[in-house]
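Protein sequences appear in the order of chains A and B. Sequential numbering of the first sequence, starting at 2, is according to my numbering. Sequential numbering of the second sequence, starting at 2, is according to my numbering. Every residue, glycine too, gets a C-beta built ideally from N, C-alpha and C. None of the values given here were measured: they were computed from a predicted structure.
Number of protein chains: 2
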Amino acid sequence: MAYRRTTAVAQRLADNRDQILAAARALIARGGFAAATIAAVAAEAGIATGTVYRYFPSKAELFAEVLRDAARRELAVLSETAAADGPPLARLDAVVSVFVTRAIRGQRLAHAMIAEPVDPTVEAERLVLREGYARILGALMDAAIAEGTIPPRNTEIAADCIVGAMIEPLIGPLAKGKVRKKTQADDLLAEIRRFVNAALRADTANANVLDFPKGEF
Amino acid sequence: MAYRRTTAVAQRLADNRDQILAAARALIARGGFAAATIAAVAAEAGIATGTVYRYFPSKAELFAEVLRDAARRELAVLSETAAADGPPLARLDAVVSVFVTRAIRGQRLAHAMIAEPVDPTVEAERLVLREGYARILGALMDAAIAEGTIPPRNTEIAADCIVGAMIEPLIGPLAKGKVRKKTQADDLLAEIRRFVNAALRADTANANVLDFPKGEF
DNA sequence: CCATGATGTGAACTCTAGTTCATTTCTTTA
DNA sequence: TAAAGAAATGAACTAGAGTTCACATCATGG
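Put into structure tokens, the structure is as follows:
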């Protein structure tokens, strides 16, 4: 026998793996999934394209792991925020603040993780993330409803509304290629918080809406 | 001289063009942009692949025109709704209802038009659509503010919040083509309206939020 | 320091889909 | 009906990206 993997080598392999994941994450953060070709990922990681396949069986698996990691991290941060002391709606407000702040800083990556369509393997991981958001926000709303602080509602749909209201103002400017200054970031956070907080607090039964055309897209 | 285009031929050419656009729209509605390959579009339209290029210079231009047409149609419908009689917030509620109803009916097509990423040429057309939504909603909010019905706010950001709150709950179900039951569609519409209406009506100054971690996605 | 197996390499292969173009078919009019 | 130009065709070309693999390089232990 003349070769056995030593711990030093094992460490290097693990590091390489992390490098590849980091490279993929960086490229996705810069230009979305489309920009993260295997060749580009390899170049970013400083290795040959073939080497990527020593660590991941396919591009889909690599992306899935990037998304899985991001989801774990994001949901952990939000769960912790949601588990703090205080009334449910204050905690929900804090969750919104944390989400928006983090998403503003990681704009493109956040958009890719949450909204950009890719192949089914990756889509399955995204589901975990989205369901995680819905679970955290939904639980806080349910708690507020149980307390009698706010009237009952469909918290599953409302959770999606909150996620959308948080994300959309962030990606619009992104598509327009605008760069955001700190003051704009502050305005953004303030306005989104106001919007979400108001949406949860007000009790408005839906009025009958005037007849409207029923066509389709 | 031995040939000159006659009106009958011109008509047939125009019809072919419409056929191609309709075929592309149908395929996108069925399986998103990915399903609308030139070969598939040609087959759907009953012509050869090469023929498509006698009518459109490139696939991007074809898609852009499909999106442009859809955007024009959608914005026209919403503008008309927004221009009806009644208080601004009631009209805004109607606009939300019309948008959500049409998007649910158009399912996959709506999702593709609003959210699915494609190349920059097409993205530019999408921007017109999203900005159109923001413009219509923003104008109605401004009117409500001018009336004194609701307190002043940053209507540009709030308009994006509304768009997000309308779209996000639809994306999951629409991507999967899952909004089949009437009750589900009704729930979606009702909850989204409630969310948006409440968000606009309540006046909640933002409380100070407890310190929270400032990391990024 | 060599034998051995693991690891790294990147050119080549494959697959898919957009685009082109030489040829065929059709339309018109003299 | 024949000439001439327009339109349609679809096979071939091209481009880009994921994946493979024969070979090179490196690390280990006798």
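query = Under three-state DSSP, which class holds Tyr134/B?
reply = The residue you call residue 134/B lines up with position 133 of the second sequence. Under the three-state reduction of DSSP, Tyr134/B is assigned to helix.
ask   = What residues of chain A sit near Ile193/B, judged by a beta carbon separation below 8 Å?
value = The residue labelled residue 193/B in the question sits at position 192 within the second sequence. Result: Ile158, Cys162.
inquiry  = What would DSSP say about Ala186/B, mapped onto helix, strand or coil?
reply    = Your numbering for residue 186/B matches position 185 in the second sequence. It is helical.
Rounded distance between the beta-carbons of Ala95/A and Thr82/A, thought under 8 Å = On the first sequence, position 81 is the one that residue 82/A refers to. On the first sequence, position 94 is the one that residue 95/A refers to. Confirmed, about 5 Å.
ask   = Is Phe64/A near Val129/A, with beta carbons less than 7 Å apart?
value = Residue numbering aside, residue 64/A sits at position 63 when the first sequence is read from its first letter. Residue numbering aside, residue 129/A sits at position 128 when the first sequence is read from its first letter. Contact: no.
ask   = For Pro221/A and chain B, any beta-carbon pair shorter than 7 Å?
value = This structure cannot speak to residue 221/A, because chain A is shown only from 2 to 218.
query = Is the distance from the Cβ of Ala104/B to the Cβ of Ile172/B below 7 Å?
reply = Your numbering for residue 104/B matches position 103 in the second sequence. Your numbering for residue 172/B matches position 171 in the second sequence. The answer is no: Cβ separation not under 7 Å.
key: Span separating the alpha-carbon of Met167/B from that of Val97/B   = Along the second sequence, one-based indexing puts residue 167/B at 166. Along the second sequence, one-based indexing puts residue 97/B at 96. Straight-line Cα distance between these residues: approximately 7 Å.
request  = Indicate the three-state DSSP secondary structure (helix, strand or coil) for Pro224/B in the structure shown.
outcome  = Residue 224/B falls outside the range modelled here, since chain B spans only 2 to 218, and no answer is possible.
ask   = Can you name the residues of chain B whose CB is closer than 8 Å to the CB of Ile168/A?
value = Counting from one through the first sequence, the residue named residue 168/A turns up at place 167. What Ile168/A touches in chain B: Gly165, Glu169.
query = Mapping DSSP to helix, strand and coil, what is Ala140/A?
reply = To locate residue 140/A, count along the first sequence from 1; it is residue 139. Here DSSP, grouped into helix, strand and coil, assigns Ala140/A to helix.
request  = Just the chain A side, please: which residues come within less than 7 Å of Thr82/B by C-beta, in chain order?
outcome  = Here the question's residue 82/B lines up with position 81 in the second sequence. Neighbours of Thr82/B on chain A, chain order: Phe213.
inquiry  = Would Phe218/B pass as an interface residue toward chain A - the criterion being a Cβ-Cβ separation below 7 Å?
reply    = Counted from its first residue, the second sequence places residue 218/B at position 217. By this cut-off, Phe218/B is an interface position.
inquiry  = For a contact defined as C-beta to C-beta under 9 Å, what are the partners of Ala104/B on chain A?
reply    = Stepping through the second sequence from its first residue, residue 104/B is reached at position 103. Glu217, Phe218, listed in chain order.
query = List, in order along the chain, the chain B residues whose C-beta lies closer than 9 Å to that of Met142/A?
reply = Counted from its first residue, the first sequence places residue 142/A at position 141. The contacting residues do not exist; Met142/A stays about 11 Å from chain B at best.
query = Which runs of the alpha helix (DSSP H) fall wholly inside the stretch 55 to 95 of chain A and span at least 4 residues, in chain order?
reply = 60 to 83
task = Give a yes or no on whether the minimum CB-CB distance between Gly51/B and chain A is below 7 Å.
result = In the second sequence, residue 51/B corresponds to position 50, counting from 1. Taking Cβ atoms only, chain A never reaches closer than 7 Å to Gly51/B, which makes this a no.
Cα-Cα separation, Arg127/B to Ala30/A = Residue mapping note: residue 127/B aligns to position 126 of the second sequence, counting from 1. Residue mapping note: residue 30/A aligns to position 29 of the first sequence, counting from 1. C-alpha separation (whole angstroms): 21 Å.
query = Hey, Leu190/B and Val101/B: beta-carbon distance below 7 Å or not?
reply = Counting from 1 along the second sequence, the entry for residue 190/B is found at position 189. Counting from 1 along the second sequence, the entry for residue 101/B is found at position 100. Taking 7 Å as the Cβ cut-off, Leu190/B and Val101/B qualify as a contacting pair.
query = What did DSSP end up calling Asp204/A once you bin it into helix, strand or coil?
reply = As a first step, residue 204/A must be located in the first sequence, where it is residue number 203. The answer is coil: DSSP assigns Asp204/A none of H, G, I, E or B.
inquiry  = Under 7 Å, Cβ to Cβ, is there at least one residue of chain A near Thr8/B?
reply    = Numbered from 1 along the second sequence, position 7 holds the residue referred to as residue 8/B. So no, Thr8/B is outside the interface.
ask   = What is the DSSP secondary structure of Gly216/A, counted as helix, strand or coil?
value = Numbered from its first residue, the first sequence carries residue 216/A at position 215. If DSSP states are grouped into helix, strand and coil, Gly216/A belongs with coil.
ask   = Helix or strand or just coil, what does DSSP make of Ile39/B?
value = As a working mapping, residue 39/B is identified with position 38 in the second sequence. In the structure shown, Ile39/B sits in a helix (DSSP, three-state: H, G or I).
message = Can you check which of these residues, Asp187/A, Ala125/A, Ala147/A, Ala200/A, is closest to Asp161/A by C-alpha distance?
response = Locating residue 161/A in the first sequence gives position 160, where the first residue counts as 1. Per the Cα distances, Ala200/A.
ask   = Is the Cβ of Ala1/B closer than 7 Å to any Cβ of chain A?
value = It is not possible to answer for residue 1/B, since the shown part of chain B is limited to 2 through 218.
key: Thr50/B: first and last residue of the uninterrupted alpha helix (DSSP H) it sits in   = Counted from its first residue, the second sequence places residue 50/B at position 49. That run of the alpha helix (DSSP H) goes 50 to 53.
Alpha-carbon to alpha-carbon, Ala135/A and Gly107/B = Residue 107/B sits at position 106 when you count from the first residue of the second sequence. Residue 135/A sits at position 134 when you count from the first residue of the first sequence. Distance between the alpha carbons of Gly107/B and Ala135/A is about 25 Å.
Simplified DSSP state of Arg26/A, which is helix, strand or coil = Position 25 of the first sequence, counted from the start, is the residue given in the question as residue 26/A. Arg26/A: helix per DSSP, three-state reduction.
key: Straight-line gap, Leu76/A to Arg26/A (C-alpha atoms, nearest Å)   = What you label residue 76/A is simply residue 75 of the first sequence in a count that begins at 1. What you label residue 26/A is simply residue 25 of the first sequence in a count that begins at 1. Going by the C-alpha atoms only, they are around 17 Å apart.
inquiry  = Cβ closer than 8 Å: which chain A residues qualify as neighbours of Asp70/B?
reply    = Counting from 1 along the second sequence, the entry for residue 70/B is found at position 69. Residues of chain A passing the Cβ test: none, with the nearest at roughly 11 Å.
task = Output the boundary residues of the alpha helix (DSSP H) element that contains Ala113/A.
result = Here residue 113/A refers to the residue found at position 112 when the first sequence is read from its first residue. Run containing Ala113/A: 108 to 115, per the alpha helix (DSSP H) assignment.
request  = Compare the C-beta of Phe100/A against all C-beta atoms of chain B and say whether one is closer than 7 Å.
outcome  = Here residue 100/A corresponds to residue number 99 of the first sequence, with the count starting at 1. At least 7 Å separates the CB of Phe100/A from every CB of chain B.
task = Pull up the distance between the alpha-carbon of Gly139/A and that of Gly149/A, whole angstroms please.
result = Walking along the first sequence from the start, residue 139/A turns up at place 138. Walking along the first sequence from the start, residue 149/A turns up at place 148. Straight-line spacing of the CA atoms in Gly139/A and Gly149/A works out to 15 Å.
query = What does Arg202/B reach in chain A if we use C-beta pairs closer than 9 Å?
reply = Your numbering for residue 202/B matches position 201 in the second sequence. Per Cβ cutoff of 9 Å: Ala199, Ala203, Thr205.
key: Cβ-based burial, Glu217/B [other Cβ within 10 Å; buried from 16]   = Counting from 1 along the second sequence, the entry for residue 217/B is found at position 216. When all chains shown are included, Glu217/B counts as exposed.
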